[in-house]
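Numbering (UniProt numbering), first residue to last: 1 to 267.
A virtual CB, placed ideally from N, CA and C, is assigned to each residue, including glycine.
Notes follow the structure.
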């Protein structure tokens, strides 16, 4: 019987631990400095512990305006992504036609490209067609990559599902809309919800694409990027960063457990 503590196992566990620490220690540092009494510099250990910066951030109107804008953009982008991503998935799934692979590639391309390339491309296109930069240009930009998360989640769910239920529904006289409503939709509901939550999290903290398409609008990430270079604003910026961590982490965790539980039921 081979020991579970052999050299390979220890090396893999050690590498996993270092990777985990490398990713999460900076997040813990940001959370820690949100409670620092020092206004200008980062010191360790902390010179003091305070929660006053949370009160300062709560009373800042510019922060609330950025949060409201980011929330509106994320919600609208998510709904657009759910609608278009689902339609694209249903069009591609189990259909054979010329250019199918090209369409699939074009759908997932925005999330594969570097954000700066997507941002420059969208800005150039909007300038070419004379579209003024506003909240809606941010929504359009975010929807391009949010669609991918919904598309991938729904497509993966459909590939794991039995198509015989759809065929049975059609054989029993149901029209395409009834089949979608009573057979397909309940089957992909958790995948839609998980994809929507991931889309919301991606949109809420997106900064690169937003920078190129926002104009004078200031979302939370852009506000943080602007304020962080001001030394006296760093504690408040760290407080907002803690808020962003919560807003983006919770939907991702919920999406993870939704897909995990569904996978468990499928087995």
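Quiz item: Cα-Cα, which of 9, 200, 154 and 161 is closest to residue 91?
Solution: 154
Quiz item: For residue 250, which residues from the same chain have a beta carbon less than 6 angstroms from its beta carbon, with the 5 sequence-adjacent residues on both sides left out?
Solution: none
Quiz item: Which residue's Cα is closest to the Cα of residue 150: 20, 207, 111 and 98?
Solution: 111
Self-check item: Counted within 10 angstroms of its Cβ, other Cβ atoms place residue 18 as buried (16 or more) or exposed
Solution: exposed
Exercise. For the alpha helix (DSSP H) holding residue 67, just list the boundary residues, first then last.
Key: Unbroken alpha helix (DSSP H) run through residue 67: 61–92.
Self-check item: Rounded separation between residue 67 and residue 200 - CA only
Solution: When the Cα atoms are used, residue 67 and residue 200 turn out to be separated by approximately 13 angstroms.
Quiz item: So is residue 1 buried or exposed if we call it buried at 16+ other beta carbons inside 10 Å?
Solution: With a pLDDT of only 46 at residue 1, under 50, the local geometry of the prediction cannot be trusted, and no value is derived from it.
Exercise. Can you give me the start and stop residues for the alpha helix (DSSP H) that residue 205 sits inside?
Key: Note, residue 205: premise wrong, no alpha helix (DSSP H); not H, not E.
Self-check item: Member of 72, 242 and 13 whose CA lies at the smallest distance from the CA of residue 139
Solution: Considering only 72, 242 and 13, the residue with the shortest C-alpha distance to residue 139 is 72.
Quiz prompt | Nearest candidate by alpha-carbon position, reference residue 117, set 211, 247 and 235 | solution = 211
Self-check item: Per DSSP, cross-strand counterpart(s) of residue 49
Solution: 36
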